[in-house]
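Okay, so the sequence shown: first residue is 0 according to numbering that gives the first Met the number 0, each after it adds one.
No residue lacks a Cβ here, since even glycine has one placed at the ideal position from N, Cα and C.
Please read all numbers here as calculations on a predicted model, not as lab measurements.
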Amino acid sequence: MSSNNFNEAGEQPFISHLIELRNRLLRAVLCVLAVFLGLASYANEIYSFLAGPLLQHMPKNSTMIAIDVASPFFTPFKLALVFSAFISVPVILYQFWAFVAPGLYKRERRMIFPLLIASTLLFYMGVAFAYFVVFPLVFGFLTAAAPDGVAVMTDIAKYLDFVLALFFAFGVCFEVPVFTIVLVWTGLVTPEGLADKRPYVIVGAFIVGAVLTPPDAVSQTLLAVPMWMLFELGLLCSRFFVPEPDSDYQADDAETEARLDKRDQPRNLMPPAKS
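Rendered as structure tokens:
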């Protein structure tokens, strides 16, 4: 085979992968933009809902403020855009799944797709837990801790950054069961080995809670204890995902290669010639 033919055979599948990746990313971005256009007119209402846990604990005749001139306009739209990406997570994960699935074994496809669904639900649960459980307690503590003569008036942009950081922290920490299962499934650790390291996990959960939450014992405990419980849940479920011998994967090789060959077929990127 000549070098030109080899380069053409190697470059065409690579270009095909890039084109498919571009299309997947474009669909995900278009989904986020479409949701944002639908939510843009309700940006102020969404922000008012997000600010509810703080406003309920602020003193009477005390309101939130906007330090920057453009904050009252841009901050609600920033929240609407983040919320649009949050709603679009299932579509984004599906595009990721559709891109990587052809290169996976049948056993891996049966495993990863449920993990994607579980990770999405756990992230949503973490955000809901932060809003409905953590925020009322944290804001109640922080507003009550203000010294006498100090009026509690929070800037709307700083408040948004604060709650988004907490949302992300709780959403990621609620992924502990998925991380635990993946570690066992890939063979990096065993359930017995993780069980032996339980004391270190508990200490690590409280350290993470201290770093990612406001400097109070309530919010630290509210993050550390669920992380510990979720680790125990992941440890229990991981016993069903202990990897089996490599010979079980050999039957899937032909099917996987067939899917890759089909996707790697060179695509005609040029328009058809006119007769």
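Nearest-angstrom Cα separation, counted from residue j out to residue i
| i | j | result |
| --- | --- | --- |
| R23 | P75 | 28 Å |
| G125 | R197 | 22 Å |
| A194 | L121 | 22 Å |
| G233 | R108 | 20 Å |
| P12 | P101 | 14 Å |
| L141 | D160 | 16 Å |
| F112 | P190 | 22 Å |
| T179 | D67 | 44 Å |
| S61 | A216 | 26 Å |
| A144 | S15 | 59 Å |
| T119 | V149 | 41 Å |
| R21 | W96 | 14 Å |
| V202 | G37 | 44 Å |
Bridge-paired residues (DSSP) for residue i
| i | result |
| --- | --- |
| I64 | D154 |
Check whether residue i and residue j have beta carbons under 8 Å apart
| i | j | result |
| --- | --- | --- |
| W184 | M63 | no |
| F128 | F169 | yes |
| L103 | F35 | no |
| D154 | A65 | yes |
| L115 | L92 | yes |
| V177 | A117 | yes |
| P52 | F134 | yes |
| I45 | L78 | yes |
| F230 | V188 | no |
| H56 | G186 | no |
Residue closest to residue i, alpha-carbon to alpha-carbon, out of the options
| i | options | result |
| --- | --- | --- |
| E19 | L114, F98, A39 and L120 | F98 |
| T27 | V88, V151 and G139 | According to the sequence as given, residue 27 is Ala; it is not Thr. Cα-wise, what sits closest to A27 is V88. |
| F73 | N43, M57 and P101 | N43 |
| A204 | S40, L221, L29 and A145 | L221 |
| G192 | V202, F131, S237 and I206 | S237 |
| Q94 | F140, A216, L25 and I14 | L25 |
| P58 | S118, V151 and A33 | V151 |
| L54 | L165, L136, L17 and E231 | L136 |
| G208 | V202, Q219 and I201 | Q219 |
| V90 | C30, V210 and V181 | C30 |
| L212 | L163, I86, Y123 and A156 | The residue you asked about is not Leu; residue 212 is Thr in the sequence shown. With distances taken between Cα atoms, T212 lies closest to L163. |
| S70 | V188, K157 and T189 | K157 |
| F131 | L49, F239 and P242 | L49 |
| V241 | I86, R106, I206 and W96 | R106 |
| L235 | V181, S47 and L38 | V181 |
* Asked: Do the segment 224–231 and the segment 163–182 touch if we need at least three Cβ pairs shorter than 8 Å?
  -> yes
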